[in-house]
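Note that the numbering used here has the sequence shown beginning at -5, numbered continuously upward.
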Amino acid sequence: MARVICITSGKGGVGKTTVTANLGTALALSGHRVCLIDADFGLRNLDIPLGLSNRVNYHISDFLTGRCALHQVIVKDKRISTLFFISCSNDVMHHDDPQVFREVVQLIAQDYDYVLIDSPAGIENGFWNTALAADEAIVVTTPHRTSLQDADRVIGLLENIFQAPPQLIINMADGQEARSATVKMEDIIDILKIGVIGVIHSDVEVIRSVHKGIPIALDPEFESGQRFRHIAHNVAKNQQKTFISINSKKHRSIFLLSQRLLWGESS
């Protein structure tokens, strides 16, 4: 049975979907069978950073209404044989019952080592559906004060759901936001009081990778790729080790990676 992890945040725009795609990719690269579920019923965009938009033919709603079998909902990744993706439709009426969604997730979890659920931001019905379907949670935040305030509120809710405390990923850690609106790393840890399993810095190559549909975790020569692989290692080992950069190439273009993947070359 898989470890079912809800990836959530207090507010939108913190990079939660990009984190989910890359963490799932990094776990799959380690040899784990991983299924990513896009449970953000309104936006439904996890397929974009994975590069799987054209492969989605059915959604969980189709399975729940009997229009297809469960295996028809599951999309296999183009590059990693152990990575899979499931999309939820915009038809939220089929996801209003947390018990039904949890039962579907538990059915899916039987065939994987990890199931990562990309949760909607905030604390509306979608958040509760995904949280109650999971066994543990990872919160994504940026150093921005408003993001931290919303993350703190979500952490309080998650602590009442799970036995183990949620863990934290700090994204866009050195963004070009107004200095008065951001918080230092040590202060973030003191405010939120949960373990940090990884830090991702602002990186134009991460943005390019999303637009290209190629998770940057595929290439360890990028520092961001190394960092996502490090987070995956922390998740798999239940650790909170600090990342140490090794021979990264921050400025090598993601388009070089896309060319290597096109011609079947390994990274």
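Heads up, the beta-carbon is just placed ideally off N, CA and C, and yes, glycines get one too. Since the structure is predicted, the reported quantities are computational estimates derived from the model, not experimental observations.
What would DSSP say about residue 46, mapped onto helix, strand or coil? Numbered from its first residue, the sequence shown carries residue 46 at position 52. Coil.
How is residue 153 classed by DSSP in three states: helix, strand or coil? To locate residue 153, count along the sequence shown from 1; it is residue 159. Collapsing the DSSP output to three states places residue 153 in a helix.
Could you have a look at residue 34 and say whether DSSP puts it in helix, strand or coil? For the purposes of this step, residue 34 is identified with residue 40 of the sequence shown, where counting begins at 1. Residue 34 falls in the coil class under three-state DSSP.
Just the Cα atoms here: how many angstroms apart are residue 154 and residue 33? As a position in the sequence shown, residue 154 is number 160, starting the count at 1. As a position in the sequence shown, residue 33 is number 39, starting the count at 1. Computed Cα separation, rounded: 21 angstroms.
Per-residue burial, residue 13 [other beta carbons within 10 Å of its own, 16 or more giving buried]: As a working mapping, residue 13 is identified with position 19 in the sequence shown. Buried: at least 16 other Cβ atoms inside 10 Å.
So which of 179, 158, 161 has the shortest CA-CA distance to residue 138? The residue you call residue 138 lines up with position 144 of the sequence shown. Selected option, being the one with the closest Cα: 179.
Per DSSP, what are the beta-bridge partners of residue 93 in this structure? Along the sequence shown, one-based indexing puts residue 93 at 99. DSSP, once it has assigned bridges, lists no residue as partnering residue 93.
Paired residues, beta bridge with residue 237 - DSSP: The residue given as residue 237 occupies position 243 in the sequence shown. Assignment of beta-bridge partners to residue 237 by DSSP yields no partner.
Where does residue 12 sit, in a helix, a strand or coil, going by DSSP? Taking the sequence shown and counting its residues from 1, one reaches residue 12 at position 18. Looking at residue 12 - three-state DSSP - the assignment turns out to be helix.
Which parts of the region 56 to 131 are runs of the alpha helix (DSSP H), unbroken and 4 residues or longer, counting only runs that do not cross its ends? List check, alpha helix (DSSP H) in window: 64 to 67, 92 to 103, 119 to 127.
Helix, strand or coil: which one does DSSP assign to residue 162? Working through the sequence shown from its first residue, we reach residue 162 at position 168. Looking at residue 162 - three-state DSSP - the assignment turns out to be strand.
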